[in-house]
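Visitor: Below you will find the structure I want to go over with you.
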Amino acid sequence: LKPFRPSRTSPRFQMSDGRPQKQARMATPKTLELRKLRLMTAIKTPYTADGNVDLPAFDRLVEHQVANGVEALIVGGTTGEGHLMSWAEHLFLIAHVKAKFGDKLAIVGNTGGLCTGEAAVATRKGFAAGMDCSLLINPYYGKTSSKGIVMHLENGLKYGPAIIYNVPGRTGQDIKPEIIMQIAGHEHFVGVKECMGHERIAELSSKGVACWSGNDEQCHESRHKHGAVGVISVTSNVVPGLMRKLMHEAPNDALDAQLQPLYTWLFTEPNPIGVNTLLMQLGVCEPVFRLPYTFTSHTAREESVALVKKIGLEHFPAGPKGLQVLADADFKHVLNGDDA
Numbered sequence: 118l119k120p121f122r123p124s125r126t127s128p129r130f131q132m133s134d135g136r137p138q139k140q141a142r143m144a145t146p147k148t149l150e151l152r153k154l155r156l157m158t159a160i161k162t163p164y165t166a167d168g169n170v171d172l173p174a175f176d177r178l179v180e181h182q183v184a185n186g187v188e189a190l191i192v193g194g195t196t197g198e199g200h201l202m203s204w205a206e207h208l209f210l211i212a213h214v215k216a217k218f219g220d221k222l223a224i225v226g227n228t229g230g231l232c233t234g235e236a237a238v239a240t241r242k243g244f245a246a247g248m249d250c251s252l253l254i255n256p257y258y259g260k261t262s263s264k265g266i267v268m269h270l271e272n273g274l275k276y277g278p279a280i281i282y283n284v285p286g287r288t289g290q291d292i293k294p295e296i297i298m299q300i301a302g303h304e305h306f307v308g309v310k311e312c313m314g315h316e317r318i319a320e321l322s323s324k325g326v327a328c329w330s331g332n333d334e335q336c337h338e339s340r341h342k343h344g345a346v347g348v349i350s351v352t353s354n355v356v357p358g359l360m361r362k363l364m365h366e367a368p369n370d371a372l373d374a375q376l377q378p379l380y381t382w383l384f385t386e387p388n389p390i391g392v393n394t395l396l397m398q399l400g401v402c403e404p405v406f407r408l409p410y411t412f413t414s415h416t417a418r419e420e421s422v423a424l425v426k427k428i429g430l431e432h433f434p435a436g437p438k439g440l441q442v443l444a445d446a447d448f449k450h451v452l453n454g455d456d457a
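In this note's numbering, the protein residues as written are 118 to 457.
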C-alpha cells in the first residue's frame, strides 16, 4: 500500500479553523505499518458470573485469534462493549492485552466517544497503556457540525495513530468524504472503518484513503473489487481462519457465499447479541450478559448450532463442553462487576 499523499486532483487540506494546510505531513512509520493490516477482530469481552471481565476466557479467545492469523484487535469497541465499561476497566483491558499479546498482533483501543475532552483523555491514556492505535468516532447523540467533527477527531489524532470509525447507523451522522479529506493528511491518520458500503469505500480508496469494511457481509467484495484494505470484523471472533482466507487469499466467492447465512444470523439482532450468544454456546465464555444485552431466542440458538455444523465446528473456538443450544435459564444478566 502506498502512503497517502495529496495530488493535484485531491481536495486541498484545511485546518479545522478553515486555514489551508499547504502540505500534508508525512505519515509516521507506525501509521504506514498499520495501513497494511487486512484482518482486525472487534474482540468480544467475556464476563464472570459476578459481572467482572473474565481475563482467562478473554486470553483463550485472543490465543485462538493469534493462532488463526488475525493481525489486530479492536479492544473495547461496540462488540467488546466498551460503552458498558468504566474507563478504568477499558484502559486496564488495553494494557493487559498489550502486555500479553502485543508482540503477536496490533492493539487498537476504542478510546473515542461523545465528549471530546473525555475521548482525548482516554486516547492519551490508551497510548500510555501501550495501545498501537486508537479507534475514534464522531460525536453521537449530541451531534455537531462538519467543522466540529474535524476538531473532535483532531483532538484524538494528536496523540498517535488513529482509525476513524464511520457508522451512521449507530451515531446518526455520516462522516462524509469531504470531512475525511480534511484530516487525511494528518501524520497519525491511518484510515477509516467504513460502514457506508462499497460505493463509499471505492470513493475513499480512489483518493488514497485506507479503508476497512465495517460490514462483514460485504467485506469480501469490498476487499477484492472496491479497494478496501481489509475488514474490521465481528465474525472473525468465531471463524478467524476463514475470514483470513477471504482477506489474504485470492477471491473466493464460494467461501463468501458459505458464510453469508452466518453473517445474517449474527446480525439479525443488534450486535453484539448474536456473537455473544454464539460464543457462549460454544463454551468459550460464561453465559453472562451485561445489560442491556441479552440472549437470542431458543429457536435462533438451534439455528446457530445447525449453521456451525454445516460450516464445520473445526473452524470455531470451542470450550470443554463443546457446542450447545443452552436453555434460557442458563443465561445470567448483570449490570457490571460492582453490582455483585
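Note that beta-carbon positions come from the ideal geometry of N, C-alpha and C, so glycine has one too.
Is ARG155 closer than 8 Å to HIS315 when the C-beta atoms are compared?
Guide: Position 198 of the sequence shown, counted from the first residue, corresponds to residue 315. Position 38 of the sequence shown, counted from the first residue, corresponds to residue 155. For HIS315 and ARG155, no; Cβs fall outside 8 Å.
Visitor: Mind checking who ASN461 pairs with in its DSSP beta bridge?
Guide: What the structure shows of the chain is the stretch from 118 to 457, and residue 461 is not part of that stretch, so it cannot be assessed.
Visitor: Who pairs with PHE448 in a beta bridge, going by DSSP?
Guide: Along the sequence shown, one-based indexing puts residue 448 at 331. Answer is none; PHE448 lacks a bridge partner.
Visitor: Please go through the same chain and pick out, in chain order, the residues whose beta-carbon is closer than 8 Å to the beta-carbon of ASN369, but skip the five residues on each side of it.
Guide: Along the sequence shown, read from residue 1 onward, the residue named residue 369 stands at position 252. These residues qualify, in order along the chain: HIS337, LYS362 and LEU363.
Visitor: Since GLU304 contacts ARG142 with CB under 8 Å, what's their CB separation in whole angstroms?
Guide: For the purposes of this step, residue 304 is taken as residue 187 along the sequence shown, with counting starting at 1. For the purposes of this step, residue 142 is taken as residue 25 along the sequence shown, with counting starting at 1. Contact holds; Cβ gap of about 4 Å.
Visitor: Whole angstroms are fine: how far does the CA of ASN354 sit from the CA of VAL214?
Guide: By one-based count along the sequence shown, residue 214 stands at place 97. By one-based count along the sequence shown, residue 354 stands at place 237. Going by the C-alpha atoms only, they are around 16 Å apart.
Visitor: How many Å lie between GLY400 and PHE406 at the Cα?
Guide: Position 283 of the sequence shown, counted from the start, is the residue given in the question as residue 400. Position 289 of the sequence shown, counted from the start, is the residue given in the question as residue 406. Rounded to whole angstroms, GLY400 to PHE406 spans 14 Å at the Cα level.
Visitor: To test your reading of the DSSP string, which unbroken beta strand (DSSP E) runs of 3 or more residues are found completely within the stretch 307-373?
Guide: As far as the stretch 307-373 is concerned, its whole beta strand (DSSP E) runs of at least 3 residues are 328-330 and 347-350.
Visitor: Go to VAL267, then tell me how far its alpha helix (DSSP H) extends in each direction, as first and last residue.
Guide: Here residue 267 refers to the residue found at position 150 when the sequence shown is read from its first residue. That run of the alpha helix (DSSP H) goes 263-274.
Visitor: Distance check for ILE297 and PRO285, CA to CA, integer angstroms please.
Guide: Here residue 285 is taken as the residue at index 168 of the sequence shown, counted from 1. Here residue 297 is taken as the residue at index 180 of the sequence shown, counted from 1. Answer to the nearest angstrom: the Cα atoms are 14 Å apart.
Visitor: Can you tell me whether ALA371 is buried or exposed? The criterion is at least 16 other CB atoms within 10 Å of its CB, across all chains shown.
Guide: For this step, residue 371 is matched to residue 254 along the sequence shown. With fewer than 16 Cβ atoms within 10 Å of its Cβ, ALA371 is classed as exposed.
Visitor: Within its chain, find whatever has a CB closer than 6 Å to the CB of GLY330; leave out the 5 residues flanking it on each side and keep chain order.
Guide: Your numbering for residue 330 matches position 213 in the sequence shown. Per the sequence shown, residue 330 should be read as Ser rather than Gly. Counting only Cβ-Cβ distances below 6 Å, and skipping sequence neighbours, we find CYS336, SER339, ALA345 and VAL348.
Visitor: Going by DSSP, what residues sit across from MET157 in a beta bridge?
Guide: One-based indexing of the sequence shown puts residue 157 at position 40. Looking at the DSSP assignment, MET157 forms a beta bridge with ALA189 and ILE349.
Visitor: Looking at the strands, I want to know which residues DSSP matches up with ALA423.
Guide: Within the sequence shown, the letter at position 306 stands for residue 423. According to DSSP, which records beta bridges pairwise, ALA423 is partnered with nothing at all.
Visitor: Tell me whether PHE384 sits in a helix, a strand or coil according to DSSP, three-state version.
Guide: Along the sequence shown, one-based indexing puts residue 384 at 267. Reduced to three states, the DSSP call for PHE384 is coil.
Visitor: ALA246 and ALA212 look like a contact to me (Cβ under 8 Å); what is the Cβ gap, rounded to whole Å?
Guide: Here residue 246 is taken as the residue at index 129 of the sequence shown, counted from 1. Here residue 212 is taken as the residue at index 95 of the sequence shown, counted from 1. Going by Cβ atoms, the distance from ALA246 to ALA212 rounds to 4 Å, so yes, they are a contact pair.
Visitor: Please state whether the Cβ-Cβ distance between THR240 and GLY199 is less than 8 Å.
Guide: By 1-based counting over the sequence shown, the position of residue 240 is 123. By 1-based counting over the sequence shown, the position of residue 199 is 82. Against a cut-off of 8 Å, the Cβ pair of GLY199 and THR240 comes out as no contact.
Visitor: Where does TYR258 land, buried or exposed, given buried means 16+ other C-beta within 10 angstroms?
Guide: Your numbering for residue 258 matches position 141 in the sequence shown. Label assigned to TYR258: exposed.
Visitor: Cβ atoms of LYS260 and GLN290: under 8 Å apart, would you say?
Guide: In the sequence shown, residue 290 corresponds to position 173, counting from 1. In the sequence shown, residue 260 corresponds to position 143, counting from 1. The answer is yes: Cβ separation under 8 Å.
Visitor: By a C-beta neighbour count over all protein chains shown, 10 Å radius and 16 as the cutoff for buried, is GLY277 buried or exposed?
Guide: Taking the sequence shown and counting its residues from 1, one reaches residue 277 at position 160. It counts as buried.
Visitor: Taking the DSSP output, what are the residues bridged to ALA279?
Guide: Mapped onto the sequence shown, residue 279 falls at position 162. DSSP output for ALA279 lists SER251 and PHE306 as bridge partner(s).
Visitor: DSSP three-state label for LYS139, please.
Guide: Working through the sequence shown from its first residue, we reach residue 139 at position 22. Reliability of the predicted coordinates at LYS139 is poor, the pLDDT of 34 falling under 50, and the value obtained from them is presented with this limitation in mind. In the structure shown, LYS139 sits in coil (DSSP, three-state: anything other than H, G, I, E or B).
Visitor: Let me confirm a value: LYS427 is counted as buried when at least 16 other C-beta atoms fall within 10 Å, else exposed. Which label applies?
Guide: Position 310 of the sequence shown, counted from the start, is the residue given in the question as residue 427. Exposed, since its Cβ has fewer than 16 Cβ neighbours within 10 Å.
Visitor: GLN377: which of MET360, ILE390 and ASN388 sits nearest, CA to CA?
Guide: Counted from its first residue, the sequence shown places residue 377 at position 260. The shortest Cα separation from GLN377 among MET360, ILE390 and ASN388 belongs to MET360.
Visitor: Compute the Euclidean distance between the alpha carbons of ILE266 and ILE292, then round it to the nearest angstrom.
Guide: Walking along the sequence shown from the start, residue 266 turns up at place 149. Walking along the sequence shown from the start, residue 292 turns up at place 175. One C-alpha to the other measures close to 8 Å.
Visitor: I believe VAL238 touches ALA279 by the beta-carbon criterion, under 8 Å. Please report the beta-carbon distance rounded to the nearest angstrom.
Guide: Counting from one through the sequence shown, the residue named residue 238 turns up at place 121. Counting from one through the sequence shown, the residue named residue 279 turns up at place 162. About 15 Å separates the two Cβ atoms, so there is no contact after all.
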